[in-house]
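**Student:** If you scroll down you'll find the structure; I have some questions about it.
Numbering (the working numbering), first residue to last: 5 to 529.
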């Protein structure tokens, strides 16, 4: 590694990919005060967000599961001190929490107000053949096929599909290649998909448990955070056939600025964003659907992609909102009444269950009740849960409106009707604050694509720039995970520094006979 004392590192985006990259640069010898993170928003964290108050309501735009196979993520947090106990690491804190609070869902799927038996997968012989064949063929063979190009109509009515698609947020029109990757990547979860017993959770929401301690550590190392700074374009120069960044342009608080690069300086760009242009509603209003790319992440990628085809094709992912959107909601309850009713219904104390999916919901709605408190500083008499609907343009079963047109109060009403809790609806509405959130690009990384649509983390033609986050290409690994973002960070850092190191080896359950045997048993149920 050359000139590490003079080298400056610039990171565009304040999400987990950039934060992880900064941490790995520091671990590899780059001084923290030589690292600068530019974030368009005033708060870092990107899609791993969590905010609000007990008075005004808490907000989680999305939720992420963790798993023992998230080897890059756990490597990162194995050297970040815990926020609550600096004597241990965040990783140790997560492990201790999951030994204490174990997930085993008793009510994974609900229909007609009753718990469904999902101990069998409901596969037909053809479904089994199709699944095995999909896992056997190559990504090149699948190409740009959709999931529903591969499976018959009845497959999407199986217990397996209801659990798999809501656990990971797949839709029938999403990429068969991404679906295949998930089958391989999480084959070790086949046998416990009905209980979600393999899911790891953080003590609090992931912003409080992961992002805050990571940011605190980075600040202590001297990393510079430039907030409210939207990077708008990147200037390149070609030197002996190699593309090199020579300048970045950004706007910060309405002031146009630029940074000129030295010979050894590096740039890492988080391209695209699954939570860009998100919009919040309230108990009295529905969220708006924003389609004009008001956030800068997509615009920047478009500007960069104009320069070279090796920089990807962002229009593949941000131009099909009807295929990539869904709606989430966060409910803040004054008191524990709803949590008590759900515990009686499911048999799960909050934090020990998983997603509760309403199979007969026109919105395909799911909710999850996490361990409380879910936010640092959350009062004991306040409870918080999260949910989402995969089909926000459908009319509700009970509230005869599209989910996307519903207020928070109407979403709660629909949820309670599915649970057959109509007799307590009026009371719970008085003590609950539901904040819906429209997410136009939330599963855009699942959309059908072909080779080259996502750029390599470090394209061969480049020397001092890397692409990180959910829309950079990492062979075999799966998007829509914290793990994917951290793996892009490791890849970018090790490659740009010219180190003889590889990212943490991926866990391959499909290489273990015991895992394959258990998966085969599940396939036959």
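C-beta atoms are modelled at their ideal positions from N, C-alpha and C, and glycine is treated no differently. The model shown is predicted, which means the values in this text are computed figures rather than measured ones.
Can you give me the start and stop residues for the beta strand (DSSP E) that residue 469 sits inside?
**Tutor:** Run containing residue 469: 469-472, per the beta strand (DSSP E) assignment.
**Student:** Could you confirm whether any beta carbon from chain D is found closer than 8 Å to the beta carbon of residue 369?
**Tutor:** Reference to chain D is not applicable here, since this structure consists of a single protein chain.
**Student:** Please report the straight-line C-alpha distance between residue 217 and residue 85, rounded to a whole angstrom.
**Tutor:** Roughly 7 Å between the two C-alpha positions.
**Student:** Could you check the C-alpha separation between residue 72 and residue 204 for me, to the nearest Å?
**Tutor:** Roughly 7 Å separates the two Cα atoms.
**Student:** Quick check: the stretch 363-370 against the stretch 308-322, are there 3 or more CB pairs under 8 Å?
**Tutor:** Contact between the stretch 363-370 and the stretch 308-322 is absent, because fewer than three Cβ pairs lie under 8 Å.
**Student:** Does the Cβ of residue 491 have 16 or more other Cβ atoms within 10 Å, making it buried, or fewer, making it exposed?
**Tutor:** Answer is buried; the Cβ neighbour count reaches 16.
**Student:** Looking at the unbroken alpha helix (DSSP H) that takes in residue 278, where does it start and where does it end?
**Tutor:** Taken as a continuous stretch (DSSP letters only), residue 278 belongs to no alpha helix (DSSP H), as it is neither H nor E.
**Student:** Please work out which residues of its chain come closer than 6 Å, Cβ to Cβ, to residue 467, disregarding the five sequence neighbours upstream and downstream, and give them in chain order.
**Tutor:** The answer, listed in chain order, is 246, 248.
**Student:** Would you mind sorting residue 139 into buried or exposed? The rule is 16 or more other CB atoms within 10 Å of its CB.
**Tutor:** Label assigned to residue 139: exposed.
**Student:** With residue 369 as the anchor, note down where its beta strand (DSSP E) starts and where it stops.
**Tutor:** It spans 369-372 - the beta strand (DSSP E) in which residue 369 sits, taken as one unbroken run.
**Student:** Per the contact definition of three or more C-beta pairs closer than 8 Å, is the stretch 180-187 in contact with the stretch 127-147?
**Tutor:** Result yes; three or more Cβ-Cβ pairs closer than 8 Å.
**Student:** Measure the C-alpha to C-alpha separation of residue 213 and residue 279 and round it to an integer number of angstroms.
**Tutor:** Straight-line Cα distance between these residues: approximately 20 Å.
**Student:** Does the distance from the CB of residue 357 to the CB of residue 110 come in under 8 Å?
**Tutor:** Contact: yes.
**Student:** What are the boundary residues of the beta strand (DSSP E) that residue 113 is part of?
**Tutor:** 113-115 is the extent of the beta strand (DSSP E) around residue 113.
**Student:** For the beta strand (DSSP E) holding residue 412, just list the boundary residues, first then last.
**Tutor:** Residue 412 -> not in any beta strand (DSSP E); alpha helix (DSSP H) instead, spanning 412-422.
**Student:** Please state the DSSP three-state secondary structure of residue 130.
**Tutor:** Residue 130 falls in the helix class under three-state DSSP.
**Student:** In whole angstroms, what is the alpha-carbon distance linking residue 323 and residue 302?
**Tutor:** Distance between the alpha carbons of residue 323 and residue 302 is about 10 Å.
**Student:** Go through its chain and collect everything with a Cβ distance to residue 60's Cβ below 8 Å, but skip five positions before and after it.
**Tutor:** 437.
**Student:** Tell me the DSSP secondary structure of residue 208 in three-state form.
**Tutor:** The answer is coil: DSSP assigns residue 208 none of H, G, I, E or B.
**Student:** Using three-state DSSP, classify residue 229 as helix, strand or coil.
**Tutor:** Three-state DSSP puts residue 229 in a strand.
**Student:** Considering only DSSP beta bridges, list what residue 41 is partnered with.
**Tutor:** Beta-bridge pairing links residue 41 to 15, 229.
**Student:** Using the rule of at least 16 other Cβ atoms within 10 Å of the residue's Cβ for burial, across every protein chain shown, is residue 505 buried or exposed?
**Tutor:** Exposed, since its Cβ has fewer than 16 Cβ neighbours within 10 Å.
**Student:** Please specify which runs of the beta strand (DSSP E), each continuous and at least 3 residues long, are wholly inside the stretch 58-105, giving them in chain order.
**Tutor:** List check, beta strand (DSSP E) in window: 61-63.
**Student:** Beta-carbon separation of residue 54 and residue 379 under 8 Å?
**Tutor:** The answer is yes: Cβ separation under 8 Å.
**Student:** Need the endpoints of the alpha helix (DSSP H) that residue 436 sits in, please.
**Tutor:** Where residue 436 is concerned, there is no enclosing alpha helix (DSSP H), although the beta strand (DSSP E) it sits in stretches over 436-443.
**Student:** Go through its chain and collect everything with a Cβ distance to residue 176's Cβ below 6 Å, but skip five positions before and after it.
**Tutor:** Excluding positions up to five away in sequence, the list reads 151, 152, 160.
**Student:** So the candidates are 207, 477, 461; which of them puts its Cα closest to the Cα of residue 500?
**Tutor:** With distances taken between Cα atoms, residue 500 lies closest to 461.
**Student:** Counting beta carbon pairs with one atom in the stretch 410-423 and one in the stretch 236-246, are three or more of them shorter than 8 Å?
**Tutor:** Flag = no, the stretch 236-246 and the stretch 410-423 do not touch.
**Student:** Residue 158 to residue 363, Cα distance in whole Å?
**Tutor:** If I take the Cα positions, the gap works out to 15 Å.
**Student:** Taking the C-alpha atoms as reference points, what is the distance between residue 388 and residue 373?
**Tutor:** Straight-line Cα distance between these residues: approximately 7 Å.
**Student:** Whole angstroms is fine: what's the gap from residue 36's alpha carbon to residue 497's?
**Tutor:** The straight-line gap from Cα to Cα measures roughly 14 Å.
**Student:** Could you give the DSSP three-state label for residue 315: helix, strand or coil?
**Tutor:** Helix, per DSSP.
**Student:** Under the rule that 16 or more other beta-carbon atoms within 10 Å means buried, what is residue 1, buried or exposed?
**Tutor:** Since the displayed the chain opens at 5 and closes at 529, residue 1 lies outside it and no answer follows.
**Student:** With three or more beta-carbon pairs closer than 8 Å as the criterion, would you say the stretch 76-84 touches the stretch 92-106?
**Tutor:** Short answer: they touch.
**Student:** Quick check on DSSP: helix, strand or coil for residue 234?
**Tutor:** In the structure shown, residue 234 sits in a strand (DSSP, three-state: E or B).
**Student:** Can you name, in chain order, every residue of its own chain whose Cβ lies under 6 Å from the Cβ of residue 477, other than the five neighbours on each side?
**Tutor:** Result list for residue 477: 458, 460, in chain order.
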